[in-house]
Amino acid sequence: MDFNLSEEQRLIQETTYRFALQEIEPVAKQYDREEKYPREIVKKARETGLVGAFIPDQYGGPGYGFLEVALISEQLARVDLGINVCIMTATFGSENILFNGTEEQKRTYLPPLVNEDVIAAGAYTEPNAGTDVAGTRTRAVRQGNEYVINGNKMFITNGTVCDWMVVLCVTGDDEAKKHGRHSLILVESDRKGITANKIRGKLGIRASDTAEIAFEDVRVPCENLIGKEGQGFYHVMHFFDATRTMVAGQGVGIAQGALDKTVRYVKERTVFGRPLAVNQGVQFQLAEMATRIELARTLTYRAAWKVDQGEIDPALNAMAKYFSGEMAVWVCDKALQLHGGYGYIDEYDVQRFYRDAKILEIYEGAKEAEKLTISRRLL
Ligand SMILES: Cc1cc2nc3c(=O)[nH]c(=O)nc-3n(C[C@H](O)[C@H](O)[C@H](O)COP(=O)(O)OP(=O)(O)OC[C@H]3O[C@@H](n4cnc5c(N)ncnc54)[C@H](O)[C@@H]3O)c2cc1C
Numbered sequence: 054m055d056f057n058l059s060e061e062q063r064l065i066q067e068t069t070y071r072f073a074l075q076e077i078e079p080v081a082k083q084y085d086r087e088e089k090y091p092r093e094i095v096k097k098a099r100e101t102g103l104v105g106a107f108i109p110d111q112y113g114g115p116g117y118g119f120l121e122v123a124l125i126s127e128q129l130a131r132v133d134l135g136i137n138v139c140i141m142t143a144t145f146g147s148e149n150i151l152f153n154g155t156e157e158q159k160r161t162y163l164p165p166l167v168n169e170d171v172i173a174a175g176a177y178t179e180p181n182a183g184t185d186v187a188g189t190r191t192r193a194v195r196q197g198n199e200y201v202i203n204g205n206k207m208f209i210t211n212g213t214v215c216d217w218m219v220v221l222c223v224t225g226d227d228e229a230k231k232h233g234r235h236s237l238i239l240v241e242s243d244r245k246g247i248t249a250n251k252i253r254g255k256l257g258i259r260a261s262d263t264a265e266i267a268f269e270d271v272r273v274p275c276e277n278l279i280g281k282e283g284q285g286f287y288h289v290m291h292f293f294d295a296t297r298t299m300v301a302g303q304g305v306g307i308a309q310g311a312l313d314k315t316v317r318y319v320k321e322r323t324v325f326g327r328p329l330a331v332n333q334g335v336q337f338q339l340a341e342m343a344t345r346i347e348l349a350r351t352l353t354y355r356a357a358w359k360v361d362q363g364e365i366d367p368a369l370n371a372m373a374k375y376f377s378g379e380m381a382v383w384v385c386d387k388a389l390q391l392h393g394g395y396g397y398i399d400e401y402d403v404q405r406f407y408r409d410a411k412i413l414e415i416y417e418g419a420k421e422a423e424k425l426t427i428s429r430r431l432l
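Counting in this note's numbering, the sequence shown runs from 54 upward without gaps.
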């Protein structure tokens, strides 16, 4: 058993962290305040090789695995989760093409994500179907060699900035087949009948673009079907199995960033005439924060490593994502508390970290959904 990262993996960590400090840290607060999508930063991240790390070299990518994706995600989140989301999800949904697409789809859609200014999205959630993915109502009806799509999607990351999205639709009529009547269909964003509205006023990750999308008689060719008709639900579950390790990396990173800032702060801040850090009560909190981060990191790397070995373990991935998200919320809360009143104002980054962390317990499956996956294995 070797717990060491390779030299190449350590280089990826260093390059990413340096990129985050140079390109993201100076502007993170501004993008958060303005709820502005950082397209230029995403472009620079692409040029640095941080977008689509999992895309194999025959499709223009660096051909790394999901462990490397988790490492990149972690290092970006140490600095800012909002812009992390923009970079990590610039290829969102394309994993479906890699896992289940035809060779022609892979050659058409994957290279532009890493070589051109092209953004993707994965549209599964609906106003009345979030945790209950199979409760999807958006319908795609075959007419000749086209699908005609009608329905609504909710909370779609990159919804107003993407070039195309992979949309989960109902294509089968058999109500009894609750999980076997969906399909994934690639829809270009400039097709007639699509309306995307940006959702403003999010608690956190405000640089990230989130939208509600309406489809009204949107026509796409049947060749845009990704994977098998009727297997869309299972394709999405497979997708989550890979991408949840990226989200787990986000939790590790944001918590590490909050801890780093707190360690610096308690050494500088003087209370009762001496540094805050000399109090054992403070030291114990730092120790607990560091221990939980390390636990989540080990779990995350192991889950991602197993994905790369072709041994996807849904329960392990669910553990990594749920534990890491909950841990990040806990650590960011402690970090803010140790900053006192200064932590409560947006001049200090921990305030943004505290707001941003909460999403990790909600998106890519609320943590309760992950607990269901874990308990299903136990029972
Ligand atoms: C900023 C943001 C970005 C997002 N990006 C995307 C995206 O790119 N693509 C996409 O498709 N979706 C996206 N989502 C949607 C996200 O995945 C859903 O919000 C999430 O899956 C929860 O679904 P819901 O909001 O409908 O909550 P619901 O399903 O209504 O659940 C509400 C709450 O009830 C609890 N709960 C639910 N079911 C159970 C149960 N069985 N047992 C116990 N408790 C339960 C959970 O705590 C949950 O948070 C995004 C959401 C946000 C906020």
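C-beta: ideal position from N, C-alpha, C; glycine also.
What you are looking at is a predicted structure, and each value in this text was computed from that prediction instead of being measured.
Cα separation between residue i and residue j?
i, j, result
"Phe268", "Glu341", "48 Å"
"Tyr416", "Tyr318", "31 Å"
"Arg63", "Gly246", "46 Å"
"Asp399", "Tyr407", "11 Å"
"Glu67", "Gly188", "42 Å"
"Asp294", "Ala368", "9 Å"
"Thr224", "Gly254", "34 Å"
"Gly418", "Asp262", "18 Å"
"Lys82", "Val138", "15 Å"
"His392", "Thr344", "20 Å"
"Ala330", "Glu347", "21 Å"
"Leu239", "Val194", "14 Å"
"Ile412", "Thr210", "12 Å"
"Glu241", "Gly363", "31 Å"
"Arg327", "Tyr395", "18 Å"
"Asp386", "Gln333", "19 Å"
"Arg430", "Glu228", "26 Å"
"Ser377", "Ala349", "5 Å"
"Pro165", "Pro109", "13 Å"
"Glu379", "Glu169", "36 Å"
"Asp226", "Gly304", "40 Å"
"Glu148", "Thr323", "49 Å"
"Asn277", "Phe152", "15 Å"
Using 7 Å as the threshold, is the C-beta distance between residue i and residue j below it?
i, j, result
"Ala106", "Glu121", "yes"
"Met141", "Met290", "no"
"Met235", "Gly175", "At residue 235 the sequence reads His, which differs from the Met that was named. Their beta carbons are not under 7 Å apart, which means His235 does not touch Gly175 by this criterion."
"Lys97", "Glu76", "yes"
"Asn370", "Ala381", "no"
"Ala143", "Val104", "yes"
"Arg272", "Glu199", "yes"
"Arg150", "Pro91", "For clarity, residue 150 is Ile in the given sequence; the question names Arg instead. No, Cβ-Cβ distance for Ile150 and Pro91 is not below 7 Å."
"Gly146", "Val219", "yes"
"Val214", "Ile266", "no"
"Gly283", "Gly233", "yes"
"Leu221", "Tyr177", "yes"
"Phe72", "Thr101", "yes"
Which whole-angstrom value is the C-beta distance of residue i and residue j, which I expect to be below 8 Å?
i, j, result
"Gly154", "Ile279", "5 Å"
"Met372", "Ile427", "6 Å"
"Leu124", "Gly302", "7 Å"
"Ile258", "Asp409", "5 Å"
"Lys374", "Glu423", "6 Å"
"Gly204", "Glu179", "7 Å"
"Lys314", "Ala388", "7 Å"
Hey, is residue i close to ligand 2, as in C-beta under 6 Å from one of its heavy atoms?
i, result
"Ile136", "Ligand 2 is not part of this structure, which contains only ligand 1."
Query raised in the report: Which residue spans inside the segment 91–143 form an unbroken alpha helix (DSSP H) run of at least 4?
Result: Within the segment 91–143, the complete alpha helix (DSSP H) runs of at least 4 residues are 92–100, 119–130 and 134–141.
**Report entry** Within the segment 141–187, ranges of the beta strand (DSSP E) (whole runs, at least 3 residues)
**Finding:** 173–176
**Report entry** Segments assigned alpha helix (DSSP H), at least 4 residues, entirely inside the segment 277–362
**Finding:** 285–321 and 333–361
Query - 4-residue-minimum alpha helix (DSSP H) runs that sit fully inside the segment 177–256, ordered along the chain - result: none
Requested in this report: Ignoring anything shorter than 4 residues or poking outside the segment 349–431, list the alpha helix (DSSP H) runs there in chain order.
Outcome: 367–396, 402–410 and 420–431
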